[in-house]
Amino acid sequence: MGVSTTRRELLAGGLRALTVLPAAMVFGCGGNVTCDDTSGLSPEEAKARTDQNYLDTGPDPVKHCELCAQWVAPAQAGCGGCKVLKGSISPKGSCNLFAKA
Numbered sequence: 323m324g325v326s327t328t329r330r331e332l333l334a335g336g337l338r339a340l341t342v343l344p345a346a347m348v349f350g351c352g353g354n355v356t357c358d359d360t361s362g363l364s365p366e367e368a369k370a371r372t373d374q375n376y377l378d379t380g381p382d383p384v385k386h387c388e389l390c391a392q393w394v395a396p397a398q399a400g401c402g403g404c405k406v407l408k409g410s411i412s413p414k415g416s417c418n419l420f421a422k423a
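With this note's numbering, letter number 1 in the sequence shown gets 323, and the count goes up by one each step, no holes.
Right, dumping it as structure tokens:
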């Protein structure tokens, strides 16, 4: 005997999957945040980021932006800010201005 699924059960299951899928995509990505968009910055502000060697993913985990005294935490998970550099800043980013918090 096979399992019989009604059309209603099939549609309900599909809707549940569509509800869970976006959350799984957000939380299942390993927390990688991309905050390197400089399109809203002036040329001088973008140059300051380059001059200070800002990286969206820093090589040294003890010098990530989220551990810096200049870090401005976001209201929600995602990109934060910096008291010195303009634009969105990755919590896992780094630059030459790191100062241990």
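All C-beta atoms, glycine included, are put in the ideal place defined by N, C-alpha and C.
Just so it is clear, the structure is predicted and the values come from calculations on it, not from any experiment.
Our contact map puts residue i next to residue j with C-beta atoms below 8 Å; I'd like the distance itself, whole angstroms only.
i, j, result
"ASP382", "SER416", "7 Å"
"VAL394", "LYS405", "6 Å"
Do you know offhand how far residue i's Cα is from residue j's?
i, j, result
"GLY362", "SER410", "10 Å"
"CYS387", "PRO396", "12 Å"
"TYR376", "GLN398", "22 Å"
"ASP359", "ASN418", "19 Å"
Does any residue of chain D bring its CB to less than 8 Å from the CB of residue i?
i, result
"PRO383", "Here chain D cannot be found, since the structure has a single protein chain."
Decide if residue i is buried, meaning its Cβ has at least 16 other Cβ atoms within 10 Å, or exposed.
i, result
"GLY402", "buried"
"GLY380", "buried"
Please confirm whether residue i and residue j have their CB atoms less than 8 Å apart.
i, j, result
"ALA370", "CYS390", "no"
"CYS357", "ASP378", "yes"
Is residue i near the ligand MN, with its Cβ less than 7 Å from a heavy atom?
i, result
"ALA368", "With respect to the ligand MN, the structure shown offers nothing to examine, as it has no ligands at all."
Name the one or two DSSP bridge partners that residue i has.
i, result
"CYS417", "Answer is none; CYS417 lacks a bridge partner."
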